[in-house]
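In what follows, a structure is listed as structure tokens, so that the remarks can point back to it.
In full-length UniProt numbering, the protein residues as written are 1 to 377.
Here it is in structure tokens:
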């Protein structure tokens, strides 16, 4: 479980206090309560304004930048560790750790845990052929969307409005080249992608958080191009580099909590952090989709996907700054985030899918399409 907690929740949960057990203070529930299916509650969770903070020392679910292990593909992370969510048993309470590092992003209150998730165990599951075809088609459609518009469901159109990282520009250019693919320029495309990834690996130790985000986004685009177009003959290489994507994504997720950032407006902060949330989600979703293609429909990323957050109101993604300020959560005391698993459990078959954004429909079709085929249309 990711090691960030609320400033309103600095004591052990009631269940751990009652049992006299060490609490890891995880969100949305501690590891012990999640494992045992207990109702995890913290003593003063609603007393003060909710504010995102993190522990100074977060669990090492991926190698650190600057350590002997690089961000390159040479040494993959251990399969014994859940790269996105799990926390080690040895986690101590904040009383024995350095003080929390406060982030300047305070536009959103922390999401509440859906009661059904307290006892719901998320396991890998099989998708139907229709589900797999739909989600692969939606992911492939992101490439021309990026080429024509410069943004995707995980790259906000305002994200790089003032400054464009090289990785972002390269991904736009290669997406455009992919749309003009022929037998003659196919090798140019694949070689260019390989060179751009190699350049990203070489520069990875000097990335700012924004550069890191752009690099992961670019690699997602490159993976979509190579994994789902067998005519390029690059699937084997892309499959191997899924581990690189996994490691870079884990680092990005961790850095987003560890490194404070400041923004001129709440809207700018939300755009940046929602782009990180969606990028992390898309990275795992892509690898889950690829596992479906290779393992007869089995999505092995469900336990990770189910607990990744995104903004509950998906239509905010389409708002400009003025509309967002009127509708956004910056000054409203509402829970603005929802876990993917909660989004799935909250969908009732028969509900009009027209109320969903394209991104939400893709996410729900992947997990609820078997029950509600209307999500495909």
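By construction, the Cβ of each residue, glycine as well, lies at the ideal position given by its N, Cα and C atoms. Just so we're clear, the structure is a prediction, and the values are computed from it rather than from any experiment.
Would you call residue 41 buried or exposed, if buried means 16 or more other Cβ atoms sit within 10 Å of its Cβ?
Position 41 of the chain shown, counted from the first residue, corresponds to residue 41. Classification for residue 41: exposed.
Would residue 143 and residue 293 qualify as a contact pair, given that the criterion is a beta-carbon distance under 8 Å?
As a first step, residue 143 must be located in the chain shown, where it is residue number 143. As a first step, residue 293 must be located in the chain shown, where it is residue number 293. Cβ distance not < 8 Å, so residue 143 and residue 293 don't count as in contact.
Residue 117 (DSSP reduced to helix, strand or coil)
Taking the chain shown and counting its residues from 1, one reaches residue 117 at position 117. Because the pLDDT of residue 117 is 41, which lies under 50, any placement of that residue in the model is unreliable, and the question is left without a value.
What separation, rounded to the nearest whole angstrom, lies between the Cα atoms of residue 39 and residue 205?
Numbered from its first residue, the chain shown carries residue 39 at position 39. Numbered from its first residue, the chain shown carries residue 205 at position 205. Taking the straight line from one Cα to the other gives about 42 Å.
Which residues does DSSP pair with residue 309 in a beta bridge?
What you label residue 309 is simply residue 309 of the chain shown in a count that begins at 1. Paired residues: 339.
Report all residues from its chain with a CB closer than 6 Å to the CB of residue 33; omit the five preceding and five following residues, and keep chain order.
For the purposes of this step, residue 33 is identified with residue 33 of the chain shown, where counting begins at 1. Counting only Cβ-Cβ distances below 6 Å, and skipping sequence neighbours, we find 15, 40.
Cα-Cα separation, residue 231 to residue 364
Sequence index remark: in the chain shown, residue 231 carries index 231 (1-based). Sequence index remark: in the chain shown, residue 364 carries index 364 (1-based). C-alpha separation (whole angstroms): 29 Å.
Restricting to Cα atoms, I'd like to know which of 322, 255, 366, 235 is closest to residue 284.
On the chain shown, residue 284 is found 284 positions in, with the first residue counted as 1. Selected option, being the one with the closest Cα: 366.
Which whole-angstrom value describes the C-beta separation of residue 153 and residue 359, a residue pair presumed to lie in contact below a C-beta threshold of 8 Å?
On the chain shown, position 153 is the one that residue 153 refers to. On the chain shown, position 359 is the one that residue 359 refers to. With a Cβ gap of about 4 Å, residue 153 and residue 359 count as contacting.
Helix, strand or coil at residue 33 according to DSSP, with G and I counted as helix
On the chain shown, residue 33 is found 33 positions in, with the first residue counted as 1. Residue 33 falls in the helix class under three-state DSSP.
Thinking just about the alpha-carbon of each residue, which of 19, 164, 20, 299 is nearest to the one in residue 214?
Numbered from 1 along the chain shown, position 214 holds the residue referred to as residue 214. Nearest C-alpha to residue 214: 164.
Buried/exposed call for residue 315, threshold 16 Cβ in 10 Å:
For the purposes of this step, residue 315 is taken as residue 315 along the chain shown, with counting starting at 1. So residue 315 ends up on the exposed side.
Please report the straight-line C-alpha distance between residue 373 and residue 134, rounded to a whole angstrom.
On the chain shown, residue 373 is found 373 positions in, with the first residue counted as 1. On the chain shown, residue 134 is found 134 positions in, with the first residue counted as 1. Cα to Cα, residue 373 sits roughly 11 Å from residue 134.
Run of the alpha helix (DSSP H) containing residue 212, from where it starts to where it stops
Here residue 212 refers to the residue found at position 212 of the chain shown. That run of the alpha helix (DSSP H) goes 209–227.
The alpha helix (DSSP H) spanning residue 360 covers which residue range?
By 1-based counting over the chain shown, the position of residue 360 is 360. Element bounds for residue 360: 358–368.
How would you call residue 147, buried or exposed, if buried means at least 16 neighbouring beta carbons within 10 angstroms?
Position 147 of the chain shown, counted from the start, is the residue given in the question as residue 147. With 16 or more other Cβ atoms within 10 Å, it is buried.
Cβ-Cβ distance between residue 167 and residue 200 below 8 Å:
Mapped onto the chain shown, residue 167 falls at position 167. Mapped onto the chain shown, residue 200 falls at position 200. Contact: yes.
Going by beta carbon distance, what residues of the same chain come within less than 6 Å of residue 128, once the five residues before and after it are set aside?
Taking the first residue of the chain shown as 1, we reach residue 128 at position 128. Counting only Cβ-Cβ distances below 6 Å, and skipping sequence neighbours, we find 370.
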